[in-house]
Amino acid sequence: YGGPPAHFLRWFRAVYLGVIFNVFAMAGVTLAAIKIGSIMLGLQPWETIVYAGTITVVFSALGGFKGVVYTDFILFFTAMAGAIGAAYYLVGLPEVGGLEALLQHENVSGKLSILPDFSDNEALITLLIIPLAVQWWSSWYPGAEPGGGGYIAQRMLAAKDENHAIGATFFFNIMHYALRPWPWIIVALASLVIFPDVASIQEAFPMISEDKLGHDLAYSAMLTKLPHGLLGLVLASLVAAYMSTISTHLNWGSSYVVNDFYKQQINKNASEKQLVLVGRISTVLLMVFSALFALYLQNAKQLFDIILMFGAGTGLIFILRWFWWRINAWSEISAMLISGIVSLLFTSSLGDQLFGETALMPSWAKFPIIVLITTIVWLTVTFMTRPESKSVLRDFYKKIQPGGPGWNKVLTEAKIDSIELVESNEGWSVPSGILAMLVGCVLIYSIMFFTGNMIYGNYVNAGFLIVSALISGFILTKLWKKIRATIL
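Our numbering puts the first residue of the sequence shown at 5, with every later residue one more than the last.
Have a look at this one:
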């Protein structure tokens, strides 16, 4: 993009993503810390925020991005060790009776299916159809960024080279999605035996305020059953997880504020000392705003729904901007604005009137409707505004080499002007990249469900899944060669 619209988009995106979206995400993590602190340490919400927030802010402000990366690496394994240790001990509690007894318990046996009940249309559409058909490409939020985003890009750009960036991201996806959830899932299943409902949690922990009661307290409640030594390790792992996540978000958000807002909009000639000071001030303010919002929230799902809808419909434009020359800065601005406005309207009383069992539309329709409205608006704005200039489009194509039919008009006009934009005779690697993405998903899901079936004792299914993982892994290594990546 070029000109004033691109300049406006840069600082608008910094505020929209680096501040608003970022505060939402950090509020969810802070809410989890509040619930852990209240259950395990008997702290009031404000006490948890002051203690945990202050330590993390000081660490993030002084350590910078390199400090975040180094500590993330160590803290991840600390958190995993604590989660695995907690799962192992809690399954062995007399009330649970071991893994086999847990899986056969009446509160658990009906909840072991990996797929939702196909006879329940609401669950089928909400938990399977919408995520697979719409959500993955249409909704943008930090950490799940169709079309790319600063959250992941910040880490990838810090890698040694492109191959290291791809390999590290792939490793993260395997560890985060395929392996990391199972200790949590096991503890969650055990909690159905010891704390079968919210009322039982309230009875065991009467000091918890009404506005923070919810099913997401069960994990913290289970951890109180641990012996002191292991409890200390697990608590340290949870503190590590909190610090790791919040420091990442603070560093990411303050980078947006400093580089894309302050330096571009307020003080273009700012010294390095001034930029560091602004970064530290923005770090503190982001923490304060997220803490205040966390106090307002009641449960984790409430926030997840807000984040999911706030970015609904923007994912598509962030993908297509690479492959269609007609998209301009106003396209992105309108998409982000309308998705935010409509999502806030739908989370108000208007949403209750439009969506629900007795309303005009079922509750699951809320997300697709936001995607539809956002898409219609940004497409309309795109065709009503001027396209980017030829020089901007040609410079972009020459630098990025996106390829694909969406750039044919730009290539044709460049040839007429005797300008060659294609710098290589190699084929378009994006189709192979998309196929690699799909095969990578199969690999990760296969490992994830293989682990689960091994835990559940379904060894035949586990056998098929490990074969699926091996085959998809082999195909993936072949595809990497086609996209000029030498990961292995």
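Virtual Cβ for every residue (Gly too), placed ideally from N, Cα, C.
Of all alpha-carbon atoms in 452, 408, 442, the one lying nearest the alpha-carbon of residue 141 is that of 442. The C-alpha of residue 104 is placed about 43 angstroms away from the C-alpha of residue 319. The criterion of a C-beta distance shorter than 8 angstroms is satisfied by residue 143 and residue 312. Taking 8 angstroms as the cut-off, the beta carbon of residue 154 is found no closer than this to the beta carbon of residue 5. According to the DSSP secondary-structure assignment, residue 148 is paired through a beta bridge with 145. Under the Cβ criterion (8 angstroms, minimum of three pairs), the region 16-26 counts as touching the region 249-264. The beta carbon of residue 427 sits closer than 8 angstroms to those of 402, 405, all from its chain and outside the five residues before and after it, given in chain order. Secondary structure of residue 293 (DSSP, three-state): helix. By DSSP's assignment, residue 365 forms a beta bridge with 359. For residue 184, there is no enclosing alpha helix (DSSP H), as DSSP gives it neither H nor E. Contact check for residue 286 against residue 258 passes: the beta carbons are separated by less than 8 angstroms. The way I'd put it, the region 362-374 doesn't touch the region 322-334; fewer than three beta-carbon pairs between them come closer than 8 angstroms. The beta carbon of residue 31 sits closer than 7 angstroms to those of 294, 297, 298, 301, 307, all from its chain and outside the five residues before and after it, given in chain order. Note on residue 83: 16 or more other CB atoms within 10 angstroms of its CB, so buried under the neighbour-count rule. Spatial neighbours of residue 343 in its own chain (CB-CB distance under 7 angstroms, excluding positions within 5 residues in sequence) are listed in chain order as 314, 315, 316, 317, 318, 374, 378. Take residue 283, set aside five residues on each side of it, and the residues of its chain with a beta-carbon closer than 7 angstroms to its own are 258, 262, in chain order. In this structure, residue 205 lies near residue 225, with their beta-carbon atoms less than 8 angstroms apart.
A direct Cα-to-Cα measurement between residue 444 and residue 422 gives close to 41 angstroms.
Here residue 194 is near residue 95, since their CB atoms are less than 8 angstroms apart. For the pair of segments examined, the region 230-241 was found to touch the region 74-93: the number of CB pairs separated by less than 8 angstroms reaches three.
Distance from the CA of residue 277 to the CA of residue 60, rounded to the nearest whole angstrom, comes to 22 angstroms.
The same chain holds no residue with a CB closer than 7 angstroms to that of residue 233 once the five nearest residues on each side in sequence are set aside. In the DSSP assignment, residue 316 forms a beta bridge with 143. CA-to-CA, the gap between residue 113 and residue 8 works out to about 60 angstroms. Nearest in C-alpha terms to residue 372, of all of 58, 42, 110, 137, is 137. Secondary structure at residue 331: coil, using DSSP grouped into helix, strand and coil. Burial check for residue 23: the Cβ neighbour count within 10 Å reaches 16 or more, so the residue is buried. For residue 91, same chain residues with a beta-carbon under 6 angstroms away, outside a window of 5 residues either side, are 187, 190, 191 in chain order. When rounded, the separation of the alpha-carbon atoms in residue 290 and residue 253 is 9 angstroms. The way I'd put it, the region 35-51 does touch the region 215-222; three or more beta-carbon pairs between them come closer than 8 angstroms.
Leaving aside the five residues that flank residue 279 on each side, the residues in its chain whose CB is nearer than 6 angstroms to its CB run, in chain order, 262. Sixteen is the threshold: since fewer than 16 other Cβ atoms of the shown chains lie within 10 Å of the Cβ of residue 432, the residue is exposed.
Each residue's CA atom was taken as its position, placing residue 434 and residue 407 some 8 angstroms apart. Less than 8 angstroms divides the Cβ of residue 448 from the Cβ of residue 177.
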